[in-house]
Structure formats: C-alpha cells, structure tokens
Amino acid sequence: MKKILLSILLAGPGPMTFAQAPGDTTALPLYDPSTTVSGYSDEFIGEEDYSGYFLPASTGNNSYQPIGQLSRNLIGVRFRPRGTVSRYEQYEVNGAELFDPTDGFPYWNIIAGLNLLLPTHNDVPNSSAGAYRLGGIGGIVSLSTTDRYDSGSGRISYAYTNCSYRHRITVQDRKQTPSGGSAAYGLSAQQGADGFVKGVFSNRINGAVESHRRLGRQQQHLLSGMAAFSLSEQGVRAAATGQVYELTGDPFYNPNWGYQNGKIRNSRQRGYKQYFTALSYTGSPTESWTVRASVSFLGGENSYTLLSWYAAPTPYPDYYRYLPDFFANPLVSEPLRERWHAGDPSVTGIDWHKLYEANRYNTDDNGLLRSHYILRDRVTQKSNLAFSGSLEYLPAPQLTVRGGVRVRSDYAGHFARLTDLLGGNYWLDIDQYLLEDEYYGGMYQNDVRHPDRPVDRKGRFGYNYRMRSFSYRMWSSVHYRSADWSAFAGAEAATVAYRREGKYEKEMFPDYRSFGKSRKIEFSEYTLKAGFFYHFNFRHRIGIQAASATQAPLVRHLFVAPDYRNETISDPDLTAIRSAKLIYQRLSPVWTLDLSAYLTRFSGETEIRNFYDDIESEYMNLVLSGIGKIHGGLEVGMEWNLTPRLSVRGGWAGGIYQYATDPSVTLFRDSDGQVLLSGAPSFLKGYRLSGTPQTAGMLQINLRIRSYWHLEVTGKYTAHNYVAVNPVRRMTRALDLAGSPEIQREMAHQERLDDAFLLSLSVSRTFRLGNGNRIGLW
2 MKKILLSILL
12 AGPGPMTFAQ
22 APGDTTALPL
32 YDPSTTVSGY
42 SDEFIGEEDY
52 SGYFLPASTG
62 NNSYQPIGQL
72 SRNLIGVRFR
82 PRGTVSRYEQ
92 YEVNGAELFD
102 PTDGFPYWNI
112 IAGLNLLLPT
122 HNDVPNSSAG
132 AYRLGGIGGI
142 VSLSTTDRYD
152 SGSGRISYAY
162 TNCSYRHRIT
172 VQDRKQTPSG
182 GSAAYGLSAQ
192 QGADGFVKGV
202 FSNRINGAVE
212 SHRRLGRQQQ
222 HLLSGMAAFS
232 LSEQGVRAAA
242 TGQVYELTGD
252 PFYNPNWGYQ
262 NGKIRNSRQR
272 GYKQYFTALS
282 YTGSPTESWT
292 VRASVSFLGG
302 ENSYTLLSWY
312 AAPTPYPDYY
322 RYLPDFFANP
332 LVSEPLRERW
342 HAGDPSVTGI
352 DWHKLYEANR
362 YNTDDNGLLR
372 SHYILRDRVT
382 QKSNLAFSGS
392 LEYLPAPQLT
402 VRGGVRVRSD
412 YAGHFARLTD
422 LLGGNYWLDI
432 DQYLLEDEYY
442 GGMYQNDVRH
452 PDRPVDRKGR
462 FGYNYRMRSF
472 SYRMWSSVHY
482 RSADWSAFAG
492 AEAATVAYRR
502 EGKYEKEMFP
512 DYRSFGKSRK
522 IEFSEYTLKA
532 GFFYHFNFRH
542 RIGIQAASAT
552 QAPLVRHLFV
562 APDYRNETIS
572 DPDLTAIRSA
582 KLIYQRLSPV
592 WTLDLSAYLT
602 RFSGETEIRN
612 FYDDIESEYM
622 NLVLSGIGKI
632 HGGLEVGMEW
642 NLTPRLSVRG
652 GWAGGIYQYA
662 TDPSVTLFRD
672 SDGQVLLSGA
682 PSFLKGYRLS
692 GTPQTAGMLQ
702 INLRIRSYWH
712 LEVTGKYTAH
722 NYVAVNPVRR
732 MTRALDLAGS
742 PEIQREMAHQ
752 ERLDDAFLLS
762 LSVSRTFRLG
772 NGNRIGLW
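Just so you know, we're using the working numbering here: the sequence shown kicks off at 2 and counts up by one.
Below is the structure:
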C-alpha cells in the first residue's frame, strides 16, 4: 500500500525567522530541523557562494555526528566547522562529483534537486577516507540513493514563510519496480518576495528523477541512473555604509531596487539554469571484491544581472555624493536628510524613470537611441564530464583495501550579455573607462576585430573567454580493525591543468596577451592521510588523525584579470596543508559524546583581488602571495536520550582562525597591466579570518507525545565573528598617510561583529488518516 504524507509548514512573521546575510547575496532562511518528517530533509539553499550546509563532523561514517548537527542548525549565520571553506571539501552522489574545482563551490542548486530524492548523508571527516575517493582536507559530503529500498511512499507538502520567498510546494514519490529495482522522483517550486528586505525574492523550480536496477543471479550488481535540474531567479541585496543605515533607520536597507510604474524592480538578480545526469554501477563479483564506477555530466548557465552606464552619473542611491553629509550647505543637506529619514523612494531607491529618460533623449547621428544605462548579465556557462572508478578488496575480515582513479574535464564560458537597453536602441561595445583616459584614450576597443560594434539585446560584449581545466587522480587506502584498535592510511596523487582561451582581442592587450590560448598551467598535487583509534571497549575509544596535502590555486587566483587578458601570476605555487586531530568518543544508545581538538596550517596560499585605489586613483589588480593561515580549536557534541520520547542534543565549537604570516603584495594597474608595486608586505599576521563565527553552540530539546505531538526547543549562540580585513589598509603605503598614531591604530583595527543568540520553538502534530496516509502540521 502506497503511503502518502501531506504536510503544511507555516512560518510566522518576525525577524527571528530571518537571517541577514552580509554583502551581495540573498537573504537566507534559517534551517530548522523541525521541517524534517520521517527522514525527509529540507532542501538546500540555492546559493552559489554559500559554504556550510553539508559539513563533515568529527566522527566516522554512518555514525551520529553532533558537530554536523551543529553546523546544519547554524546555517543562518554561515557557520563553518573548523573555519574550512568549501574549496577544501568534496561533494558527491553515488560517487559522481558535485563540486566545481575551478571556482571552489559545490553545485548547490543541483544538490537541492537531488535532495528531493531523499538521499542518505554519509559525511566523511576531514582526515578520513571515503569509498569512492580519498577526500580533501575538508572531508567528503557523500549522498547515496542506492541504499533506499523502502516500500512505496509519497509526500506532498506546502510551506508559507517570510524568508526569501513566500510559498513552496513539494511533491515526492518512491516506488518499487516489478524488476526488483526502485524508482523515485521529486519536484519542488517556490515563489515570492522576502518579508523584510525590499527587492529580495526567490522563484525556483527544482526536480530530480532516478531509477535503480539490480542484475545478476544473486542481484549482486546495481545499476543506477539519475537526473536533476534547477531553474531559479533570485533578487539579491547589497551591503551599504553605516551612514545609510542611520539615515533610513532600516537594518534591512537594500540599495539595489526602486519603483518602476509602481512596482518594485531589483537591478541585481541571480539566475541559474543547470542540469545534471549520472550513471553509477556497484557490483560484487565475489564476496571479497566490490567494484564502483560512475560517469556524470553537468551543464547549464549562471548569470548575475547588474546596471552599467556610460557618460552618466551612477544610478545607485547610496553613492556618497548623493548623501547629506557630502553637502556643506545646510540648505541642501538638511532637506535631503529629511527625505532620507522619511524613506522617500526617489532618494532611497533607484529612479528607473530617470534612467529611461536619459536613454530616450540620447540620439545619435543616425537617429537611433544610444543607451546611457543598460542592464547586463555576467554569464558563466559550465559543462563538465567526470568519471570515477574504484575497487574494494577484503583479503581478511579485519582488513579493507581500496583504490581508484578519477578523471574530469571542465569547460566554462564567461561573457557579458546585454539584458535590457532600458528604452534605447543599442549599446556601443567599447571600454568607456579608457575612452577619456589621459594616456590610453585611443585604445578603448574591447575587440579590435569588431571595432565600434553596436550591441542589441541578448548580444555579447565587453569580454568573452573560455576557461578549461583537466584533472587526473589516483588514490588508495588501507583500513584495519580489530577488537582493540583500528587504523587507516591513504594516499592520492593528482595532475591538474588550466588554460584560458580569449575570444576577444582587446586593444590594450593585443595579440596573444588577450586573444587565443594562454600558456598551460600544470600542477602536481598529493594528499596523505592516516589515523589510529584505540578501543577501550565497544563504547569508548580515543584516536588521532593526521593529514598532509598540497592543492593548486583556484583559477580565479591564477589569472590576474581573466576578463581581459591571458596573464597569470608569476611562479604560481601550491598551497601546503598540514592537519592533526585528537578525538575521544563515547557511543551508546542512551548517551553519545564526541570530543575533538584540532590544528590545521595552510601555507603558500594565493589570492587575487580587484579594487579602486584612492592613492593612485586607479583600478588595481592585487595579488597576495605567501598567505599563511592557522585554524585551531575544540569541538564538543553530545546526544542524551533521557526517555524514548525525550532527548537532548547539543554541540559547541570554539576556535581561533587567523593569519599566520604577512603575505607579499603585487599591484597591477588594471588599465594596462603595469606592475606598480612588487614584494611589499601586508601586515595581516594575527588578524582573525572572516566568514564564520569562531565560537558557536547549540542546545536542542525534543519531546514527542503519544498523541503525535512534537515539541522542539532550540537555543543557538554564535560569537567571535569578524569583519574581513583589507590588506591594502595594512600596508606601509597606506599607514604612512595616517595623520596621527590614533588614526593609524583605527586603520589597523579589526571590527568584531556582535554576538548573537536565537531561541526557537517548533510545535508539530501528525494525524493518521487511515490506509497508511498521514497529514502533518508544523
């Protein structure tokens, strides 16, 4: 009998359900485990630049992982266990890869679709090894759909919330096939505007389908196929200065939107069109051998919409020249200040009417309207083909030997696409920043092979290039377990190669400097892992794990200005990583405890940043090399089942993540690529790293009542969250300009964000309707 479960989720209004995300991003809803019903987990945040949803914990495979629970409960504050960013983690489903090695991000939107298939999550800790791969220094997040053989079950759910979107409906179903396999599908759609931040919205459709087929006389072979897609459009917010928040009195102020014909229009939006397919095989020819293989393909397009303008003032309302403090005359500043206080949308938001008016009256010699303002997309078209194969051999009951190979080829096309001419007829494809340049005013063509090219809607312009990468990896591991102790060791060797291919020949960087293929950059990586556990008895064990690895820089930290030229940083080097961890675990059905202390050192990292330099009055490309970082701390996780219906679980993580060296700085002038400064130190040693609270805790009480009521109370605490330090301000060239020691100390000071505490209450009730059907209210 097929079981159908209906659920309705209502999230009440109020800022407690909203997580304000800093910077240029959407507002993210807090993850609430109360939305999980009978093993159905909530969907992922479809945010490309977000790291922190699936995170490895400190225990082994398939065990309760309290630190992983802590990370999932703290998604709203972007908590990263041990401060490790996503580029050092690896994501997979049935052995097929779900992360992009070229930019360091997982495919979050595809993961959201695959999550509709109700996969099992097997987190592999950072110093352990997986079944399909050895894993990165940040561990493996492994999703599996091949181990679900439950009887037919389905779910239909509806949710109403005020976080990022308003409505969501989800349909999921799984059934057994007559051939002895299983099939499943899931479809989810969400729509609506955020309840707090104007201009923020999320419209998204995710879907996935899979099929499993067992073959062989003893059904020892399993063939699995799956496909997933994601289509989404999100309005995003941007950070503003403290002065703007004071003027508006609105902590959720967003400068990206304005009214057009009485309706809100956001100038910055993210779009995703992605699809993924994979074929996986698992077989056991004999009791001692297991073969695993997968081949996968991912394709699609990511876009980011924003305003561009030429020979016209900036359209964004929070520009410093538009603010009251810019005007010395109180007759001008005070009326303007009052309009800001009153929330006048003509000063606090984008005036779309003025943009159309500016374009409507800019007529060229041919009577056509040349746009001053346009909306354009920064587009990335991705495709990758990957293969993973591994063998597992059990020469003895206590010994397991694994090994395998992974090959993948990645292609990414990058270009600007004209989205909306805002009432004009065309946009001229030239570099407007160089047009009136004192030295390079005659070298403004973006593509000398098509000079002064008018661009229509959907046309490409500005920049156009391809980035290709290829990797080949071989790995092996050995695991031994006896009654008293267990140990493992593993190694991986890899070759990684990158190359840029320019499609436009920029006048400032002629011939091979911008057009055609760049030099091929190759790296040889390695990873070594080992661990040992001593088992006092079947409930207590203590152990140590260690890892040593090298990893190539990301593509965006190899090419100085990939939009325009083929130039790479000089002598690119590998990042060296060393990590060690001490672990104590107590495992029992009633009381589970997990303690760990860890230390990780990163050496030789490279970063490239782009900024406007007030000292030189130039746009700059900044290369930071020789970056050293250190991450150390303690983690505690526990679960206590007081009764079959009452349980308490919690986690605490305290660490120090900071710069360990003063990196070297090279400054390139963006307009012509000239080196203005080389080898100067940026005094970053001792500053804290940003992007995650370095202290976090969670305590959760779960109570289930016989009448199918469920009560959950959760307290969450985060602290020691810091603003990212600016390396330019920590250089001698900037500090020497300080007018006094007090100003110099203020320039070097690092701001710490406020600590946060959130108390949440969840109440749910399940009603049985008969014939195995249920309906739930949350």
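For glycine and all other residues, C-beta sits at the position ideal for the given N, C-alpha and C.
Residue j beta carbon less than 8 Å from that of residue i
i, j, result
"residue 275", "residue 112", "no"
"residue 690", "residue 678", "no"
"residue 446", "residue 393", "no"
"residue 125", "residue 165", "no"
"residue 374", "residue 464", "no"
"residue 528", "residue 550", "yes"
"residue 389", "residue 295", "yes"
"residue 97", "residue 281", "yes"
"residue 470", "residue 696", "no"
"residue 753", "residue 683", "no"
"residue 129", "residue 105", "no"
Buried versus exposed call for residue i [16 or more other C-beta atoms within 10 Å across all chains shown]
i, result
"residue 203", "buried"
"residue 366", "exposed"
"residue 768", "exposed"
"residue 431", "buried"
"residue 315", "exposed"
"residue 131", "buried"
"residue 248", "buried"
"residue 440", "exposed"
"residue 297", "buried"
"residue 333", "exposed"
"residue 724", "exposed"
"residue 593", "buried"
"residue 195", "buried"
"residue 59", "Unreliable positioning characterises residue 59 in this predicted model, as indicated by a pLDDT of 29, which lies under 50. A coordinate reading is not provided."
"residue 45", "In this prediction, residue 45 has a pLDDT of 26, which is less than 50 and means its spatial position is unreliable; nothing more can be read from the coordinates."
"residue 616", "exposed"
"residue 694", "buried"
"residue 47", "At residue 47 the pLDDT is 31, less than 50, meaning the model places this residue with poor confidence; the figure from the coordinates comes in the next sentence. The residue is buried, with at least 16 neighbouring Cβ atoms inside 10 Å."
Three-state secondary structure assigned by DSSP to residue i
i, result
"residue 342", "helix"
"residue 242", "coil"
"residue 643", "coil"
"residue 165", "coil"
"residue 65", "Note that residue 65 has pLDDT 41, beneath the 50 cutoff, so the model's placement of it is unreliable and no number is given."
"residue 34", "Low confidence applies here, because residue 34 scores a pLDDT of 26, under 50, leaving its location unreliable; read the following figure in that light. Helix at residue 34."
"residue 385", "strand"
"residue 727", "coil"
"residue 185", "strand"
"residue 138", "coil"
"residue 707", "coil"
"residue 1", "Because the chain in this structure spans residues 2 to 779, residue 1 falls outside the shown range and cannot be described."
"residue 84", "helix"
"residue 350", "coil"
"residue 292", "strand"
"residue 256", "coil"
"residue 617", "coil"
"residue 226", "strand"
"residue 23", "Here the model assigns residue 23 a pLDDT of 30, short of 50, so the residue's position is not dependable, and the following value carries that caveat. It is coil, neither helix nor strand."
"residue 513", "helix"
Residues of its chain near residue i, where Cβ-Cβ distance is below 7 Å and the 5 sequence neighbours each way are ignored
i, result
"residue 182", "212, 213, 214, 215"
"residue 513", "567"
Integer Cβ distance of residue i from residue j, believed to fall under 8 Å
i, j, result
"residue 495", "residue 473", "7 Å"
"residue 546", "residue 575", "Residue 546 to residue 575, Cβ: 22 Å. No contact."
"residue 137", "residue 89", "5 Å"
"residue 420", "residue 306", "6 Å"
"residue 634", "residue 661", "About 15 Å separates the two Cβ atoms, so there is no contact after all."
"residue 121", "residue 154", "Incorrect: roughly 15 Å between the Cβ atoms, too far for contact."
"residue 270", "residue 353", "In fact, because the Cβ distance is near 14 Å, the residues do not count as touching under 8 Å."
Other residues of its chain near residue i: CB distance less than 8 Å, five sequence neighbours each side excluded
i, result
"residue 244", "324, 326"
Cut-off 6 Å between Cβ atoms - residues of its own chain near residue i, not counting five sequence neighbours on either side
i, result
"residue 285", "221, 291"
"residue 485", "536"
"residue 628", "606, 664"
"residue 475", "406, 494"
"residue 601", "580, 632"
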